[in-house]
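First up is the structure itself, then whatever we jot down about it.
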Amino acid sequence: MVATVVFVSFAAVRGLFTATDAITVYYSLSDGGILAGVLSLAIGSLIFVSEKGIFDPISYSFNRISAQFVPGVGLLQPKQDYYDYISSRHTKHIKVAHFIYVGLFYLVIAIIFAVLYVNVNA
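Residue numbering for the sequence shown follows our numbering, starting at 104 and increasing by one per position.
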């Protein structure tokens, strides 16, 4: 849903609804598709990498440092070592396949309209 809003919004900014020729329509739809596709793929990839635990050391370190320097942050949470922190963090899994599929769908749309743009423009 968000990717569709990004796609239509960016295509509208590029002149989709005010276009009088096919070149501008193909150009704006290609730009909207590439933006929506790349954003969806990037979000899905970041969530996937985060689920695998790549950002856990940074998050643990930031939480420990903020508990030392910000008053009252560490009072509500008991002291955890790194293993307990990792165990409590990875109890539920987030599905990211839909982000990847939506991103690939919009990238295919962008490629189709880019090919049409090149063929009409040539």
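Note that beta-carbon positions come from the ideal geometry of N, C-alpha and C, so glycine has one too.
The model shown is predicted, which means the values in this text are computed figures rather than measured ones.
Between which residues of its own chain and residue i is the CB-CB distance below 7 Å, once the five residues before and five after are set aside?
| i | result |
| --- | --- |
| Phe113 | Asp134, Gly135 and Leu138 |
| Val109 | Leu138, Ala139 and Leu142 |
| Val199 | Gly147, Ile150 and Phe151 |
Return helix, strand or coil for residue i, following the three-state DSSP convention.
| i | result |
| --- | --- |
| Asp187 | helix |
| Ile124 | This sequence places Asp at residue 124; Ile is not what is there. Residue state, collapsed to three classes: coil. |
| Ile157 | coil |
Do you know offhand how far residue i's Cα is from residue j's?
| i | j | result |
| --- | --- | --- |
| Ser191 | Ile212 | 40 Å |
| Asp159 | Ile189 | 7 Å |
| Asp187 | Gly156 | 14 Å |
| Thr107 | Gly206 | 10 Å |
State the CB to CB distance for the pair residue i and residue j, rounded to an integer number of angstroms; the pair is presumed to be in contact (CB under 8 Å).
| i | j | result |
| --- | --- | --- |
| Asn224 | Ile126 | 6 Å |
| Ile214 | Gly147 | Going by Cβ atoms, the distance from Ile214 to Gly147 rounds to 18 Å, so no, they are not a contact pair. |
Under 6 Å Cβ to Cβ from residue i, same chain only, skipping five residues before and after it: list those, please.
| i | result |
| --- | --- |
| Ser131 | Ala114, Arg117, Gly118 and Leu119 |
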